[in-house]
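Student:
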Amino acid sequence: MNSESRRDLLFNVLMNGVAPLVAILIAFAIGGIVIAFLGTNPFAFFSKMISLNFGSMRGVSQMIYRATPYFFTAMALSFAFKAGLFNIGAEGQMFIGGIAIAWVGFTFTGIPFPILFILALFAGFLGGAFWGAIPGYLLVRYGAHEVITTIMLNYIAIAMVQYLVQNHFMNPEWGIPHTPTVAEGAYAPSLDKIIPWFPAGTRANIMFIVVIITAVIALLLLQRTRLGYEIRATGLNPGSAEYAGINISSRSIMTMAISGGFAGMATANFILGPGSHYFLKSEYGGIGFSGIAVGLLGRNNPLGIILAAILFGFLENGALGVQLYFPNVPRQIVEIMQAIILIILVVVIELARRFLNRLQKRG
Amino acid sequence: MAEDNGTEMDPLISMEGICKRFPGVLANDAVDFSVKDGEIHALVGENGAGKTTLMKILYGIYSKDGGQIYFEDEPVDIEDPRAANELGIGMVHQHFMLVPPLSVVDNITLGREIANHGILDREQAKERIRTLAEDIGFEIDPEAKVADLSVGVRQRIEILKVLFREAEVLILDEPTAVLTPQEVESLYDILNNLQEQGKTIIFITHKLNEVMDLADRVTVMRDGEQVGTKLVENTSKDELANMMVGREVLLRVEKEESEKGNELIHAEDLSVTDDEGVEIVQDLSFSIREGEVFGIAGVQGNGQTELIEALTGIEEFASGTVEIEGNDLTDADGQELREEGVGHIPEDRLDRGLITDFTVTENFVLGYHTFERYSGRIFLKPKEMDEHAEKAVEDFDIKTPSTSTLVESLSGGNQQKLIVARELSQQPNLLVAAQPTRGIDVGAIEFVHERLMEERAKGKGLLLVSSELDEIMSLSDRIAVIYEGEFTAVFDANETTKEELGAYMTGSQRQDEDEVRRKALGEVSLQG
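Each protein sequence line maps, in turn, to chains A and B.
Reminder that position 41 of the first sequence reads as 47 in our numbering, one-by-one numbering, no gaps.
Reminder that position 278 of the second sequence reads as 320 in our numbering, one-by-one numbering, no gaps.
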């Protein structure tokens, strides 16, 4: 019996701790080799990256700013995963949520802070939830596989958002298609307003606090509530959930809705946070898809996802800054490394699983 | 005291002092085991006694930590299954290792293809398979797709696979666990035929009936140790059960007379249809009173599962009415039924009864998680859930390191005890129990039976569905036989025999339809 719990602990440490770390280290090693081939000293490159991110509070806050949206799209993947569903539609849910955030922000201009901010954020959640509930319904009602429908709904969402911005919300005189700016009541204050260590006017904003609150709520929801119990039961064993009198259809739709809702809040960081204060579609492309990688790297655990999102923020922010110092290393090296992390992670997890199996077998 | 257990004879295989350690567990502790040429040797023991481990060592799947294996008196080193095959040892695993989309012939020849200049000679392979099958008494279509075949036939394919590799010694790991009673019968025939051909058979089981019916000798294991080898003719089920458990075990249940009280459930003309609208359950009527056990006997797949799933709110009835203590609950869902005091031990513990990745505590409220005791409108009440689980674990003697352990790591017997404990600890008035002791060992079976009889004595009603006739006979007050979705007979449990039930189970006999209905509804006395 004791050995069982020891094995469980070993399993946990290997799968959720060692595997992601090994994947990250290998990705840095491969990235370093590529950089060396490009004629740049990889150690200088990476140490510059580290100092750009961690060398000053401004760097840290830029990193956090870049990390914030990834958390939300990663949560979309992982939350659905808890119920045994694959939500590959965070991209589309993020766009629908984004347009809802902007619409509330520029429509109800008379409402003061923080009410309008909260309303806008909630609208983002609802927009994403609506877009997530559609594949949930199609799955339950017609058995349409959610992987296919969520992917397809991404394209519809992108086209729809484009249409709304260009034909309804946009002033034709503006060069780039974007929505009108949101009212001040919807602005997400900079983090320095709350935590004085952050430099004044930093782009990192209270959406990062929302990230932490969301992670805690998601954990509580899954572990401590009746709904969470039913969602996990449905995901782990639909037959037994049915036996327990759980309505697995309604739980699946609800899971997809909540999952989509998380993705729907992803762009609030850009729209409501310090900056242009409007919805600019071209700025957000890919964050939904990267969320898949972040969710997997975070091992589908809300706290792990925060760490994984910060890593992605680190890479992205570092890539933007490091260009100035090493112009012959293309910024895309970071995207390559993100992809490598994911591929290696899958391999390492499989190897760890085999290792544990052999351990069990050979004794 | 040199009791004859047949060991003096020259053994074909002899395993001496076999040790095998897994992290924290000594799975085999200096085990001696020997097999004679041409015998059927049963290896029995409770779950976790180390039977399968020992056989996996013999078949080269596990490496041993100590001891020596002799084959025909020569020391041998069986490093992997290939080495075992070369010695003529083959194994039929509990979980079949077949490729369902492939045909029978492709599955059997996989890895041992018969080829002519690199081109597969399927005709020759098919001919050999047909001959092998006929030799041991059945026919098989080598071109059939495995996916379309029943579990019983798949098992035969596994046996053919081993024979195709020219095995002389066959190891079968709990071969009957997945079979229906008829399939078990034909497996017996096959094994007997194999023995006549001079093959040696080792089979792992924890069902003592099978040992008595089939084996020449039996070796008992307990907690990783070999506790004895007996000639079957010199032993009894009781003795073997005591050896397995290490204490006196009651194989027969003490059933006292119970007071029959008010009617608990009154069901009339229940029908269930499948997706295509075919009636799986047809116009069943029955009633159960307080203190009464109503058993439904039948070969699996005759509508029992569908009846129970509809009765417990998982599926729906196509027609008919169910009244429980006077309330119409025909269309009630699982939650409502639980609130009305209907408990349910499902027939499939892994696909229905448990969530193995949940903790013991979480499993203890499965289905009851919406009860006010365990949750508010939104939040669960972890403290109350835990207290309930702690108490039930103690009351029902469930072996688990803690209530926060994942159920996955509990033994099958303890998993089943958890389900029984969960349902009984909610003190249901009516308990629907399907195969309540399937796949669990003697000690746990005794425990479950005792608990069920206690409920009966307390005046609770019990609907029992089981394919084990012994179980139905010993627990029930009245027994209905189900065949193709209909009751073909209803008996007083004291006035029937297994043979009689068997005849009605295959549909070869039938009582008068109207009489069956009235007996099932308890409207007429069953005596005489």
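In this text, a Cβ means the ideal position worked out from N, Cα and C, and glycines have one as well.
For residue 211 (chain A), which option in A:224, A:71, A:289 has the closest C-alpha, if you only look at C-alpha atoms?
Tutor: Here residue 211 (chain A) corresponds to residue number 205 of the first sequence, with the count starting at 1. Of A:224, A:71, A:289, the residue nearest in Cα terms is A:71.
Student: So if DSSP puts residue 215 (chain B) in a beta bridge, which residue, or which two residues, is it bridged to?
Tutor: Your numbering for residue 215 (chain B) matches position 173 in the second sequence. Paired residues: B:246.
Student: Report all residues from its chain with a CB closer than 6 Å to the CB of residue 76 (chain B); omit the five preceding and five following residues, and keep chain order.
Tutor: As a working note, residue 76 (chain B) is residue 34 in the second sequence. Cβ neighbours of residue 76 (chain B) beyond the five flanking positions: 53, 56.
Student: Check whether the region 29-42 of chain A touches the region 342-360 of chain A, taking contact to mean three or more Cβ pairs, one atom from each stretch, closer than 8 Å.
Tutor: Yes, the region 29-42 of chain A is in contact with the region 342-360 of chain A.
Student: How many angstroms separate the CA atom of residue 100 (chain A) from the CA atom of residue 240 (chain A)?
Tutor: Stepping through the first sequence from its first residue, residue 100 (chain A) is reached at position 94. Stepping through the first sequence from its first residue, residue 240 (chain A) is reached at position 234. Distance between the alpha carbons of residue 100 (chain A) and residue 240 (chain A) is about 25 Å.
Student: Kindly list, in the order they appear in chain B, the residues whose Cβ is closer than 8 Å to that of residue 239 (chain A).
Tutor: Taking the first residue of the first sequence as position 1, residue 239 (chain A) is located at position 233. In chain order: 397, 400, 408.
Student: When you compare the CB of residue 96 (chain A) with every CB in chain B, is at least one pair closer than 8 Å?
Tutor: Here residue 96 (chain A) refers to the residue found at position 90 when the first sequence is read from its first residue. False, the Cβ-Cβ gap to chain B never drops below 8 Å.
Student: Kindly list, in the order they appear in chain A, the residues whose Cβ is closer than 8 Å to that of residue 377 (chain B).
Tutor: As a first step, residue 377 (chain B) must be located in the second sequence, where it is residue number 335. The contacting residues are 251.
Student: Residue 88 (chain A) and residue 277 (chain A): beta carbons closer than 8 Å?
Tutor: Indexing the first sequence from 1 puts residue 88 (chain A) at position 82. Indexing the first sequence from 1 puts residue 277 (chain A) at position 271. No, Cβ-Cβ distance for residue 88 (chain A) and residue 277 (chain A) is not below 8 Å.
Student: In whole angstroms, what separates the C-alpha of residue 641 (chain B) from that of residue 352 (chain B)?
Tutor: Since the first residue shown for chain B is 43 and the last is 570, residue 641 (chain B) is missing from the structure and cannot be characterised.
Student: Using a Cβ-Cβ cut-off of less than 9 Å, give me the residues of the region 218-236 of chain A that come near chain B, in sequence order.
Tutor: Of all residues in the region 218-236 of chain A, 226, 229, 230, 231, 232, 233, 234, 235, 236 have a Cβ within less than 9 Å of some Cβ in chain B.
Student: Nearest-angstrom Cα distance between residue 289 (chain B) and residue 154 (chain A)?
Tutor: Locating residue 289 (chain B) in the second sequence gives position 247, counting from the first residue. Locating residue 154 (chain A) in the first sequence gives position 148, counting from the first residue. Taking the straight line joining both Cα atoms gives about 58 Å.
Student: Count the other C-beta atoms from every protein chain shown that fall within 10 angstroms of the C-beta of residue 59 (chain B), then say buried if there are 16 or more, exposed otherwise.
Tutor: As a working mapping, residue 59 (chain B) is identified with position 17 in the second sequence. Flag for residue 59 (chain B) reads exposed.
Student: Checking contacts by CB at 8 Å: is residue 248 (chain A) closer than that to chain B?
Tutor: Here residue 248 (chain A) refers to the residue found at position 242 when the first sequence is read from its first residue. Yes - at least one Cβ of chain B is within 8 Å of the one on residue 248 (chain A).
Student: Is there a C-beta anywhere in chain A that falls below 8 Å from the one on residue 123 (chain B)?
Tutor: If you number the second sequence from 1, residue 123 (chain B) lands on position 81. For residue 123 (chain B), the answer is no, since every Cβ of chain A falls outside 8 Å of its Cβ.
Student: Assuming residue 246 (chain A) and residue 455 (chain B) are in contact, meaning their beta carbons sit under 8 Å apart, how far apart are those beta carbons, in whole angstroms?
Tutor: Mapped onto the first sequence, residue 246 (chain A) falls at position 240. Mapped onto the second sequence, residue 455 (chain B) falls at position 413. Not quite, the Cβ-Cβ distance comes to about 19 Å (not below 8 Å), so this is no contact.
Student: For the region 347-371 of chain B, list every residue whose C-beta sits within 7 Å of some C-beta in chain A, in sequence order.
Tutor: So the close ones are 355, 356.
Student: What separation, rounded to the nearest whole angstrom, lies between the Cα atoms of residue 98 (chain B) and residue 70 (chain B)?
Tutor: Translated into the one-based positions of the second sequence, residue 98 (chain B) becomes position 56. Translated into the one-based positions of the second sequence, residue 70 (chain B) becomes position 28. So the two alpha carbons sit approximately 11 Å from each other.
Student: What does DSSP give as the partner residues of residue 187 (chain B) in its beta bridges?
Tutor: On the second sequence, residue 187 (chain B) is found 145 positions in, with the first residue counted as 1. Answer is B:145, bridged to residue 187 (chain B).
Student: Just tell me which of A:77, A:261, A:209 has its CA closest to the CA of residue 141 (chain A).
Tutor: For the purposes of this step, residue 141 (chain A) is identified with residue 135 of the first sequence, where counting begins at 1. Residue A:261 is the option with its Cα nearest to residue 141 (chain A).
Student: At what residue ranges does the region 342-407 of chain B contain a whole run of the beta strand (DSSP E), taking only runs of 3 or more?
Tutor: Whole beta strand (DSSP E) segments, 3+ residues: 361-366, 384-387.
Student: Under 7 Å, CB to CB, which of the residues in the region 305-322 of chain A have a partner in chain B?
Tutor: So nothing in the stretch comes that close.
Student: Would a C-beta distance cut-off of 8 Å place residue 144 (chain B) and residue 188 (chain B) closer than the cut-off?
Tutor: Your numbering for residue 144 (chain B) matches position 102 in the second sequence. Your numbering for residue 188 (chain B) matches position 146 in the second sequence. For residue 144 (chain B) and residue 188 (chain B), yes; Cβs fall inside 8 Å.
Student: If you reduce the DSSP assignment to three classes, tell me which class residue 522 (chain B) lands in.
Tutor: Position 480 of the second sequence, counting from 1, holds the residue named residue 522 (chain B). DSSP places residue 522 (chain B) in strand when its eight states are reduced to three.
Student: Using a Cβ cut-off of 7 Å, pull out every chain A residue sitting near residue 422 (chain B), in sequence order please.
Tutor: Residue 422 (chain B) sits at position 380 when you count from the first residue of the second sequence. Correct list: 230, 231, 232, 235.
Student: For residue 393 (chain B), go through chain A and note every residue whose CB falls closer than 8 Å to its CB, in chain order.
Tutor: The count along the second sequence starts at 1 and reaches residue 393 (chain B) at position 351. Those within 8 Å of residue 393 (chain B) in chain A are 243, 245, 246.
Student: If we ignore side chains and look at the alpha-carbon of each, how far apart do residue 273 (chain B) and residue 72 (chain B) end up?
Tutor: Position 231 of the second sequence, counted from the first residue, corresponds to residue 273 (chain B). Position 30 of the second sequence, counted from the first residue, corresponds to residue 72 (chain B). Distance between the alpha carbons of residue 273 (chain B) and residue 72 (chain B): 22 Å.
Student: Are residue 459 (chain B) and residue 440 (chain B) touching if we call contact CB-CB under 8 Å?
Tutor: Residue numbering aside, residue 459 (chain B) sits at position 417 when the second sequence is read from its first letter. Residue numbering aside, residue 440 (chain B) sits at position 398 when the second sequence is read from its first letter. It is a contact, given that the beta carbons lie within the stated cut-off.
Student: Pull up the distance between the alpha-carbon of residue 208 (chain A) and that of residue 465 (chain B), whole angstroms please.
Tutor: Indexing the first sequence from 1 puts residue 208 (chain A) at position 202. Indexing the second sequence from 1 puts residue 465 (chain B) at position 423. Roughly 58 Å between the two C-alpha positions.
Student: If you draw a straight line from the alpha carbon of residue 152 (chain A) to that of residue 419 (chain B), how long is it in whole angstroms?
Tutor: As a working mapping, residue 152 (chain A) is identified with position 146 in the first sequence. As a working mapping, residue 419 (chain B) is identified with position 377 in the second sequence. Each residue's Cα considered, the two are about 30 Å apart.
Student: Go through the region 259-345 of chain B residue by residue and report every complete run of the beta strand (DSSP E) that reaches 3 residues or more, in order.
Tutor: Taking only runs of at least 3 residues, the beta strand (DSSP E) segments lying wholly in the region 259-345 of chain B are 259-264, 267-273, 305-315, 321-331, 335-339.
Student: When the cut-off is 8 Å and only beta carbons count, does residue 380 (chain B) lie next to chain A?
Tutor: Mapped onto the second sequence, residue 380 (chain B) falls at position 338. Closer than 8 Å: yes.
Student: Would you kindly work out how many angstroms separate the C-alpha atoms of residue 175 (chain B) and residue 316 (chain B), rounded to a whole number?
Tutor: Working through the second sequence from its first residue, we reach residue 175 (chain B) at position 133. Working through the second sequence from its first residue, we reach residue 316 (chain B) at position 274. C-alpha separation (whole angstroms): 35 Å.
Student: If I'm right that residue 91 (chain B) touches residue 266 (chain B) with Cβ under 8 Å, what's the distance once you round it to whole angstroms?
Tutor: Here residue 91 (chain B) refers to the residue found at position 49 of the second sequence. Here residue 266 (chain B) refers to the residue found at position 224 of the second sequence. Confirmed, about 7 Å.
Student: Quick check on residue 370 (chain A): does DSSP put it in helix, strand or coil?
Tutor: Limits of chain A in this structure are 7 at one end and 369 at the other, which puts residue 370 (chain A) out of reach.
Student: Is there contact between the region 79-89 of chain B and the region 200-207 of chain B, where contact requires at least three CB pairs shorter than 8 Å?
Tutor: Short answer: they don't touch.
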